[in-house]
Structures are given as structure tokens and as C-alpha cells.
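Below is one structure, written out as C-alpha cells; the observations come after it.
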Amino acid sequence: MSQQAVNGVPCRGKVLTVDNMNPNVKRVEYAVRGPIVQRAVQIEKELREGVKKPFTEVIKANIGDAHAMGQKPITFLRQVLALCSYPELLEDNKFPEDAKKRAQRILGACGGHSIGAYSASQGIECVRQDVARYIEKRDGGIPSNPDNIYLSTGASDAIVTMLKLLVCGEGRDRTGVMISIPQYPLYSAALADLGAVQISYYLDEEKCWSLDVAELRRALNAARQHCNPRVLCIINPGNPTGQVQSRQCIEDVIRFAKEEHLFLMADEVYQDNVYAEGCKFHSFKKVLFEMGPEYSSTVEMASFHSTSKCYMGECGFRGGYMEVINMDPEVKTQLTKLVSVRLCPPVPGQALLDLVVNPPQPDEPSYITFMKERTAVLSALAEKARLTEQTFNAVPGITCNPVQGAMYTFPRITLPEKAIDKAKEEGKVPDMYYCMRLLEEEGICLVPGSGFGQREGTFHFRMTILPPTEKLKVVLQKIRDFHVRFTQEFS
Amino acid sequence: MNHGTALLWKRRALSSLSATRRGLPKEKMTENGMMSRAKVLTIDTINPTVKKVEYAVRGPIVQRAVELERELSQGMKKPFAEVIKANIGDAHAMGQQPITFFRQVLALCSYPELLSDNTFPEDAKSRACRILQSCGGHSMGAYSASQGIDSVREDVARYIERRDGGVPCDPDDIYLTTGASDGIVTMLKLLVCGEGASRTGVMISIPQYPLYSAALAELGAVQINYYLNEEKCWSLDIPELQRALDEARQYCNPRALCIINPGNPTGQVQSRKCIEDVIQFAAKERLFLMADEVYQDNVYADGCQFHSFKKVLFEMGPEYSDTVELASFHSTSKCYMGECGFRGGYMELINMDDEVKAQLTKLVSVRLCPPVPGQALMDLVVNPPQPGEPSYDNFIKERTATLSALAEKAKLTEQVLNTVQGISCNPVQGAMYSFPRITIPEKAVKEATEKGQQPDMFYCMKMLEETGICLVPGSGFGQKDGTYHFRMTILPPSDKLKILLDKVKEFHQKFTQQYS
Chain A
1 MSQQAVNGVP CRGKVLTVDN MNPNVKRVEY AVRGPIVQRA VQIEKELREG VKKPFTEVIK
61 ANIGDAHAMG QKPITFLRQV LALCSYPELL EDNKFPEDAK KRAQRILGAC GGHSIGAYSA
121 SQGIECVRQD VARYIEKRDG GIPSNPDNIY LSTGASDAIV TMLKLLVCGE GRDRTGVMIS
181 IPQYPLYSAA LADLGAVQIS YYLDEEKCWS LDVAELRRAL NAARQHCNPR VLCIINPGNP
241 TGQVQSRQCI EDVIRFAKEE HLFLMADEVY QDNVYAEGCK FHSFKKVLFE MGPEYSSTVE
301 MASFHSTSKC YMGECGFRGG YMEVINMDPE VKTQLTKLVS VRLCPPVPGQ ALLDLVVNPP
361 QPDEPSYITF MKERTAVLSA LAEKARLTEQ TFNAVPGITC NPVQGAMYTF PRITLPEKAI
421 DKAKEEGKVP DMYYCMRLLE EEGICLVPGS GFGQREGTFH FRMTILPPTE KLKVVLQKIR
481 DFHVRFTQEF S
Chain B
1 MNHGTALLWK RRALSSLSAT RRGLPKEKMT ENGMMSRAKV LTIDTINPTV KKVEYAVRGP
61 IVQRAVELER ELSQGMKKPF AEVIKANIGD AHAMGQQPIT FFRQVLALCS YPELLSDNTF
121 PEDAKSRACR ILQSCGGHSM GAYSASQGID SVREDVARYI ERRDGGVPCD PDDIYLTTGA
181 SDGIVTMLKL LVCGEGASRT GVMISIPQYP LYSAALAELG AVQINYYLNE EKCWSLDIPE
241 LQRALDEARQ YCNPRALCII NPGNPTGQVQ SRKCIEDVIQ FAAKERLFLM ADEVYQDNVY
301 ADGCQFHSFK KVLFEMGPEY SDTVELASFH STSKCYMGEC GFRGGYMELI NMDDEVKAQL
361 TKLVSVRLCP PVPGQALMDL VVNPPQPGEP SYDNFIKERT ATLSALAEKA KLTEQVLNTV
421 QGISCNPVQG AMYSFPRITI PEKAVKEATE KGQQPDMFYC MKMLEETGIC LVPGSGFGQK
481 DGTYHFRMTI LPPSDKLKIL LDKVKEFHQK FTQQYS
């Protein structure tokens with residue numbers, strides 16, 4: 001309908017406005033790149049223009065972007081990618097034989113032997129085969145069918161696709177999806193976008209962010225009154241919390257999912273990022289199968305992995321996959337059809353994933369360097385995880401759970417009443433106010449805990465442990481000093 | 001007690017039951033005494049809009065083609081030695097070579113140690129350095145800004161300005177995307193809302209590229225079909241737009257008009273006048289214009305020229321250029337590059353409301369960023385070797401070779417298909433497909449219907465089984481009732497294309513005979 005005239009003058013507002021756009025999109029928030037990051041980018045611009053600040057650079061400790069923080073790519077991976085991009089290099093002696101072989105295998109599997117061709121929508125077949133073999137090796141021989149592997153544009157893509165399949169119904173039958181508090185806000189954003197019901201279950205901060213089945217049950221029962229809970233999402237190792245769930249816990253979650261008839265989504269993108277003594281990554285698939293056929297042939301599950309984290313940190317390539325277990329064949333057909341509309345995931349990312357799951361072996365020329373680089377990255381992260389926990393726990397008003405895995409710390413901060421009042425005056429959530437102040441005064445960009453979810457009345461921030469050790473020390477020191485100052489100011 | 005009250009009582013009673021006893025599928029005892037239960041996620045409990053989605057370009061006929069390829073590789077005997085996938089606009093898969101310069105820069109970006117390698121030309125190195133400087137930690141492995149790398153967006157803006165004879169372009173209006181499809185779906189997502197008779201309606205051509213129908217089905221939007229005029233070389237006709245719109249206003253809220261130029265599947269290159277008319281129509285009827293221009297370099301026919309919607313809009317003066325809301329889309333997948341696998345693309349937004357733009361920026365941030373290799377590639381496409389640079393001659397040579405081969409094949413395709421009785425093929429003015437109309441004998445239509453198949457699917461399936469040639473039936477794109485078509489790419493190398501066309505001709509004659 002055309003706009004009504006007012007006083008004889010036609011109202012010619014825009015066709016697309018905030019009032020007539022998709023309302024779900026308005027509900028979407030993604031704190032990891034939200035307002036605080038926008039302010040950080042602005043400050044960076046001001047610094048470049050010569051504006052004087054109390055600091056000379058902005059440190060973006062808001063996002064799990066390893067390379068941006070100076071982590072080096074794995075040589076072997078980049079050599080193969082270069083060979084795939086420009087196969088003339090296959091004649092070049094500088095490249096080791098194992099890199100050339102991998103490149104040729106990948107190119108052989110591409111249309112016209114080019115990474116510029118579309119791949120099959122489910123992903124290049126031989127890559128899916130390599131992924132399946134990787135999973136089998138990782139899980140002590142439990143079979144993985146390449147046909148259950150879907151390559152994706154980062155793990156985010158596959159997570160959103162699965163949620164899209166799962167979400168339906170109206171009113172009280174609307175699909176409910178269980179996700180941890182705190183959570184990685186892709187989940188809350190996707191649920192808002194899809195108009196699904198988010199069912200929050202609290203991780204236990206007192207017990208190192210562990211998951212408690214009694215709490216799962218509480219959340220589920222409460223949710224059953226207003227929606228149709230169908231899915232349980234779990235991030236292990238955790239983001240933002242870094243906890244690495246015990247094997248017992250994973251079993252309990254699987255048992256719970258079966259009892260309550262929930263589709264399990266296991267986000268395992270940090271599976272190589274495990275640091276703490278006594279902690280170990282247990283894949284949901286492995287535990288599921290070790291629980292016997294009563295579970296392994298019934299529980300429907302999707303697990304997700306990515307090339308963005310672990311020791312590779314290749315965020316920009318947008319590589320990832322999901323493995324679907326016990327998915328109904330008709331649903332699988334629908335899934336395959338759905339992903340075909342977007343043609344295929346980026347082929348360089350698929351190639352990269354192939355190398356991640358099929359790295360240099362002990363008898364190959366690149367093995368030693370590969371292991372050296374991989375070990376250096378992972379041990380640096382473990383070091384920084386420890387350093388971070390120690391430093392923060394020495395600050396009065398900051399308590400930090402051990403960073404057992406992943407790449408973040410999520411410490412709890414005590415905010416003085418007066419600061420909370422000031423925040424409210426400025427129309428800000430208290431931990432956002434805190435983080436904004438830290439950004440303006442020290443040039444350090446973190447993400448307030450409110451962006452991830454937290455228990456009422458508690459405040460946190462998420463900081464990455466990615467800056468190089470020397471820089472991280474400085475960052476930790478500055479945060480410590482800021483916190484003391486801030487507390488003083490509002491005492 | 002009435003039915004409603006009974007339901008209400010039942011609901012209240014159930015809500016107090018323990019979770020396991022309420023609403024969960026019953027355990028069933030199977031024949032061998034095992035307990036089984038329906039799955040959580042079944043065809044009946046899946047998101048219903050997903051079920052409505054179809055994408056013919058990779059649909060059932062392609063699945064059969066893949067199966068046949070497998071059978072061939074296992075040694076099964078067929079009436080053909082290979083399956084020819086002329087269903088999808090994938091140039092490299094059909095043997096087209098990548099542009100050397102692009103791949104050199106991408107290799108340098110992937111493995112910067114190569115910057116000290118003498119085999120790479122200086123201009124490739126300087127492009128690579130520029131791209132790497134703009135990446136976090138000087139690595140393509142870092143996330144970029146969600147809207148895309150700044151310097152790439154600047155280069156895109158400059159490209160657009162050059163292309164459009166100086167009409168200004170603000171880099172802030174550029175969003176890099178994961179292929180054009182990503183940008184298109186994102187825009188549709190923003191636009192679609194409302195319930196019932198207020199549900200957003202989106203106008204799209206018939207025939208259309210089925211990303212549009214798929215996205216509209218998934219979003220639960222109303223698809224408003226406007227028919228292109230086959231008699232007039234698939235041109236667009238304003239009275240037809242008006243007809244479609246007026247009718248649609250009865251049951252939905254039309255808000256967007258999508259146009260693909262050069263066209264897919266039809267290949268028509270709209271005249272400048274037509275583009276003006278469409279812009280005027282959109283302005284008058286208050287429609288958000290979406291201009292899919294991914295084939296902008298693929299123009300072959302004499303007298304045809306690509307006119308960007310943006311350029312025409314601005315040449316129509318501020319009454320239009322200040323008001324009409326427009327999104328135009330481009331990609332690295334087509335033109336002379338054919339780099340489909342990289343998933344590079346961008347959209348330019350004109351006259352978008354600032355608050356909506358903020359929402360858009362927020363929305364794209366959730367997926368972090370488009371693939372950085374694709375962004376790098378886009379940078380090279382919009383910032384190719386210049387005269388005087390070492391790679392220029394070779395670049396132009398490769399680019400020209402690809403585009404003239406395509407023009408050649410476009411002509412050949414039209415010619416050959418028009419010699420077949422029962423096939424009539426409009427000139428392939430642009431893009432990379434032919435969409436000829438085929439006459440299917442009554443008997444064949446009948447047999448197809450009996451089999452529950454669209455007649456042109458029946459035709460194409462037979463062609464696949466008998467010749468190994470995989471095309472996409474016209475029903476996958478939309479066509480006037482009672483007419484049949486197929487879409488075939490013009491991408492195979494010329495000599496293979498000749499053979500292909502002859503086989504299609506032969507098949508059609510045989511088929512017509514068989515069902516006469």
C-alpha cells in the first residue's frame with residue numbers, strides 16, 4: 001500500500017525502515033563484534049589521525065583471532081594452499097614432496113583440477129573421507145561414515161543450518177533450544193534470528209563452570225510450560241568459560257538427552273585446546289559409542305569442528321565440518337538439499353581442513369617442522385592460560401576460574417555499587433560500562449560478560465589469551481591497575 | 001463440555017505431568033521385542049519451510065548424473081563414455097583456465113615466503129603486499145572486518161566509479177559477501193516480515209535463477225512472478241510487472257523487485273530504456289530494487305551493452321537517485337574469472353536507511369566475515385593489472401580469450417539448436433546459458449505425467465540416461481504453463497560443445513520420433 005497523505009502531502013518514507021524490517025533481525029545481538037568493538041575501531045581510526053590517547057595502540061582481546069594477535073600460520077598448511085592456488089609451483093624445488101602430494105590429491109578431487117570450481121555441496125568427497133578417517137583415529141577406531149560429514153563455511157554455518165532444520169512450531173509448540181549460560185553468542189543470535197525459544201541452563205561458576213544435570217532438568221522442566229524443547233547445545237571445551245567437561249559429565253549429558261528426547265549439538269571447535277592438568281578432551285561421539293548401542297544407535301547428534309581455532313587459527317579461511325549421527329535419512333535428504341542452494345563451502349577452506357585432518361606423518365619431510373610449530377603454539381597457549389589465571393586471581397575483586405581449555409578467560413569482577421549506579425545513569429549494563437572505561441583509558445578491548453550471559457547480579461568479562469606472552473603480561477598488568485583504580489574511584 | 005474446553009483441561013492436566021510422560025513419542029515394541037522410539041528430528045517435525053525449498057541446479061537430475069558417473073567409474077557399460085555436467089555455471093569444472101595473475105597473487109598471499117621468489121612479477125607482489133597489510137597480523141588467516149577488508153571495499157568503490165563513468169561510490173555502502181548468493185539472501189532476510197495479507201511479497205522474473213525461489217520459500221515470503229517475454233528475446237515488459245504487482249497486492253505486501261541482468265537462465269541483456277522503466281516502476285510503486293549483475297562482463301551480442309542499474313539510476317537525476325533504494329550484487333564466480341570455489345562477492349547499497357544499515361552491519365557480524373581468500377580475489381578483479389604493469393599483456397590476453405570463446409560458443413549454441421525442428425533458441429545475448437524452448441510430443445507429456453514427472457524433467461532424464469548429458473529442465477526455473485525448456489551452459493570447450501550440441505540435436509529428433 002502506498003503511504004497515506006498527511007495534510008495533502010504524501011509521506012515518502014523509505015521502503016525499508018527499522019519499523020518495517022524483519023523484526024527477528026532486530027532482536028539479534030552479537031557482542032563479540034558489538035558496540036564495544038565498534039568504539040575500539042573508532043579509537044583506532046582516531047589514533048591513526050593523530051589524536052592523543054593514554055595509549056599508543058588498541059589491543060583487540062575481544063575475539064578469538066589468533067593470527068591477528070601475531071600467531072604464525074603452520075608452514076605446511078600454507079605451502080599446500082599456495083600449491084593449490086598456483087599449481088605451476090609444483091615444479092618449484094622449494095616445496096617439500098609431501099606438500100606437493102597433498103596439493104595434487106586435492107586438485108585431483110576438484111572440478112577441472114582447480115580450486116576455482118564449485119565442489120559438491122556436501123564438500124569435496126576425498127576431504128570428507130579424510131575427515132572421517134581423522135574422526136576414527138581420534139575416537140579410537142569408532143567408525144565414521146564420510147556420508148555423515150558435511151563440510152561448512154566455518155562451524156557457525158553448520159550450527160545455523162542444523163538449528164534451521166530443527167526450529168518449527170507456533171506458540172507453545174515453538175521449538176526450544178537449550179544452551180549454556182554463559183554461551184558463545186552465535187547461539188543466542190541464531191535463535192533470535194530463527195524466532196526459536198532460547199532455554200538457558202546455568203554452568204556452575206563455583207565448580208569451575210561445570211555442567212550439572214540437575215540444572216539441565218530444572219531448565220528443561222520450566223521450559224516445557226511455554227515451548228517444545230527439542231535440542232540441547234553444549235560447547236566443549238567451553239566458550240567463553242574454557243571448561244573442559246569430564247567424561248562422566250559428557251555421559252550424563254548424553255543420558256539426559258536420550259531420556260528427554262533431545263537432539264544433541266556438540267560444538268567441539270576447541271578440541272585441541274586443552275591445557276589443564278587432569279583435563280582431557282572426550283568427543284561426544286566417542287563417549288556415545290562407548291555407552292553401547294542403546295545410546296549409540298538412538299541418540300541424534302551433530303558435532304562441529306572448525307579450522308579457526310586449535311593450533312591452526314585459520315579464521316579467515318572459513319573452514320569447518322559437522323558430523324551427523326543417527327540422523328533420519330529423510331531429514332538428511334532435506335539437509336543435503338538445503339546446503340545445495342548455497343552451492344558449496346569455500347574450497348580453500350575445504351583444502352585447509354583436509355590438511356588439518358591429514359597432517360604430515362612421522363615418515364614425511366614436513367613432519368618435524370609441523371610438530372615443532374604445532375607444539376609451540378599449543379604450549380604457548382597453555383602457558384598464557386596459566387599466567388592469566390594467576391595474574392587475575394591476585395587482584396582483589398577479580399576471581400578467575402582456571403582456563404582449562406579454549407582461548408579465553410571469563411573472570412568474575414566485583415563492581416562497586418556506585419559504579420553500578422553510574423552505569424545505570426548512562427543507560428549501560430554495568431560490565432559494559434566497566435569495559436568501555438577500560439577501552440577508553442587503556443586501549444584494551446574486551447567483551448562484557450553480559451554479551452555471553454551470566455547469573456543475575458554477577459559481572460564478568462571475556463578476554464582472549466592470544467596476545468604474545470610479553471604483550472599479554474602488559475595487558476594483564478594494565479587490567480589489574482585499571483581494576484584497582486576503578487574500584488577506588490567508586491568506593 | 002465443548003471441544004475447546006476439553007482441550008484446555010487436557011493441556012492443564014498434561015502440564016503438571018513429569019516431562020517424560022508429556023508429549024513425548026511413545027515407546028514402541030517392535031517385532032523382535034526391541035523398544036524403538038520415533039526420532040527427535042523427522043520429516044514431520046522438521047522446519048516446514050525447508051521442505052518447500054527446491055534448487056533445481058543441483059536437484060534430482062544432478063543426483064542421478066553423479067550416480068551415473070559413479071557407475072561409469074565402476075566399469076558399468078553405458079551408451080556414453082562420460083557424463084557432461086552442463087547443468088551448472090562452473091567454468092573451471094568445464095576446463096576454463098584461471099587467470100594467471102590472480103592465482104599468483106593468491107599464492108603469494110597464502111605463503112608470503114614466495115615474495116622473495118623471482119618467478120613472480122612485481123605487480124603481483126605489490127598487490128599481495130597491499131592485501132596482506134590490510135589483514136590482521138598480515139595473514140589471510142585472520143578474520144577481517146565483518147563488512148569486508150577496508151582496502152578491498154575502497155578498491156571495489158573505485159571500480160564501480162570507473163565502470164559507471166564517474167558516478168560516486170562510497171566504500172561504506174559496499175559489503176563483501178560469501179558469493180553473491182550470501183548478499184542476496186541477507187537482503188531478503190532484512191526485507192521479509194509481516195503476517196497473512198501483509199506478508200512481504202518479492203517480485204522475481206519467470207524464468208529465474210532458483211536461488212530466489214529457494215530463499216523466498218525458506219523465509220516464508222510470497223513469491224510474485226513476472227513473466228519475461230520469450231517472443232521478444234526474454235525482454236522485460238512494464239505492463240507485465242504492473243499486472244503481477246496489482247494482482248499480488250490482493251494477498252501480500254509487495255516490497256521488493258528482483259531483476260537479473262544479464263539474465264539467468266535466459267541470457268538476455270536488458271536495454272538501457274528497459275532499465276530506466278524498471279527504476280521508474282520501482283520508484284512509483286515503492287519497491288526495493290535488487291539488481292543481480294553477476295554476469296556484467298558476459299555480454300556477447302552485437303548491439304547489447306551492460307548498463308548498471310546504479311549508473312542508469314544516477315543518470316535519471318536526483319528525483320530518482322536520491323530516493324530509490326537499490327542493492328546491486330556482483331561475484332567472482334562468473335565473468336572471465338570463473339572462480340566459483342572462492343565464494344567471493346559484494347553488494348552495493350544505494351539510499352539505504354541508516355538505521356537499517358546498522359542492523360545489516362550487526363547481522364553480518366554474527367557470521368564474522370566472508371572468506372578472506374575470496375575477498376583477496378575480489379580485490380584483484382576490481383583492481384586488475386594496468387597498462388604499463390608487467391602482467392598487463394598476459395592478463396588482457398587471457399581475459400579476452402575467455403570472453404571471446406564464450407561469445408563464440410553463445411553464437412554456435414543458438415545456431416545449432418535453431419536447426420533442430422522442435423527446438424527454438426533465443427539469442428544468447430549474455431551470461432553463460434542457453435534456455436531453448438522444446439516441443440514435447442503429447443505422448444511424452446502423457447507418459448511423464450503418468451510417472452509423476454514434469455514433462456521437461458522426463459525429457460532431460462532420458463537425455464541423461466541415453467547421452468550422459470546433464471541439463472536442467474525449465475521447470476526448475478519457471479516457465480509459462482504448457483511450455484517446456486531446458487537450461488544448458490555454454491561452458492564446455494568449443495569442440496566438446498559442438499559434440500554436445502549434435503548429441504542434443506540427435507536426441508531430440510529421436511525422442512520426437514519415439515513419441516510421435
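Chains as they are written, first to last, in the UniProt record's numbering: chain A, 1 to 491; chain B, 1 to 516. C-beta atoms are modelled at their ideal positions from N, C-alpha and C, and glycine is treated no differently. Quick caveat, the model's predicted, so the values are computed rather than measured.
Straight-line spacing of the CA atoms in residue 463 of chain A and residue 378 of chain A works out to 18 Å. With respect to residue 73 of chain A, residue 449 of chain A sits apart: the two C-beta atoms are not nearer than 8 Å.
Of the candidates A:78, A:52, A:134 and A:105, the residue whose Cα lies closest to the Cα of residue 285 of chain A is A:134. Boundaries of the alpha helix (DSSP H) around residue 418 of chain B: 392-418. A straight-line Cα-Cα distance of about 37 Å links residue 408 of chain A and residue 104 of chain A. A residue is called buried when at least 16 other Cβ atoms come within 10 angstroms of its Cβ; residue 387 of chain B does not meet this threshold and is exposed. Residue contact with chain A for residue 493 of chain B: absent (no Cβ-Cβ distance below 8 Å to any residue of chain A).
Counting along the chain, residue 248 of chain B sits inside the alpha helix (DSSP H) bounded by residues 238-248. Annotation: residue 53 of chain B is outside any beta strand (DSSP E) and is labelled neither H nor E by DSSP. Residue 484 of chain B sits in a strand when the DSSP states are folded into three classes. Each residue's CA atom was taken as its position, placing residue 344 of chain A and residue 121 of chain A some 4 Å apart.
DSSP, read as helix, strand or coil, puts residue 333 of chain B in coil.
At a cut-off of 8 Å between beta-carbon atoms, residue 469 of chain A makes no contact with chain B. Taking C-beta atoms under 8 Å as the contact rule, residue 354 of chain A and residue 142 of chain A fail to qualify, at a distance of about 21 Å. The residues 121, in chain order, have a CB closer than 8 Å to that of residue 340 of chain A in the same chain once the five nearest residues on each side in sequence are set aside.
A contact is defined here as three or more CB-CB pairs under 8 Å, and the segment 114-134 of chain B fails this definition with respect to the segment 420-433 of chain B.
At a Cβ-Cβ threshold of 8 Å, residue 299 of chain A and residue 258 of chain A count as neighbours. For residue 175 of chain B, the enclosing beta strand (DSSP E) begins and ends at 174-178.
It is roughly 11 Å from the alpha-carbon of residue 166 of chain A to the alpha-carbon of residue 49 of chain B.
Residue-level contact check: residue 466 of chain A does not touch chain B, since none of the beta carbons of chain B fall below 8 Å from its beta carbon. With a cutoff of 8 Å on beta-carbon distance, residue 187 of chain B and residue 244 of chain B are scored as not near each other. Assignment of alpha helix (DSSP H) within the segment 95-162 of chain B, counting only whole runs of 4 or more residues, yields 100-110 and 122-133 in chain order. A residue is called buried once 16 or more other Cβ atoms fall within 10 Å of its Cβ, and residue 432 of chain A is buried on that count. Judged by beta-carbon spacing, residue 490 of chain B lies within the 8 Å limit of residue 413 of chain B, meaning their Cβ atoms are closer than that value. Just measuring C-alpha positions, the residue of B:381, B:407 and B:493 sitting nearest residue 395 of chain B is B:381. Residue 88 of chain B has a beta carbon lying within less than 8 Å of a beta carbon in chain A.
Using a Cβ-Cβ cut-off of 9 Å, residue 165 of chain A is close to 41, 46, 47 and 50 of chain B, given in chain order. Between residue 131 of chain B and residue 379 of chain B, the C-beta spacing is below 8 Å.
Under DSSP, residue 312 of chain A forms no beta bridge with any residue. Here residue 328 of chain A is buried, its C-beta having at least 16 other C-beta atoms within 10 Å. Think of a sphere of 8 Å around the beta carbon of residue 460 of chain B: no beta carbon from chain A falls inside it, the nearest being about 17 Å out. Contact annotation: the segment 210-222 of chain A does not touch the segment 395-410 of chain A, with fewer than three C-beta pairs closer than 8 Å. The contact set of residue 325 of chain B on chain A, defined by CB atoms closer than 7 Å, consists of 14, 15 and 16 in chain order.
The beta carbons of residue 40 of chain A and residue 60 of chain A sit about 6 Å from each other, so the pair counts as a contact at 8 Å. Separation of residue 399 of chain A and residue 178 of chain A (C-alpha to C-alpha, rounded to the nearest whole angstrom) is 27 Å. Contact between the segment 253-268 of chain B and the segment 430-445 of chain B is established, with three or more Cβ pairs separated by less than 8 Å.
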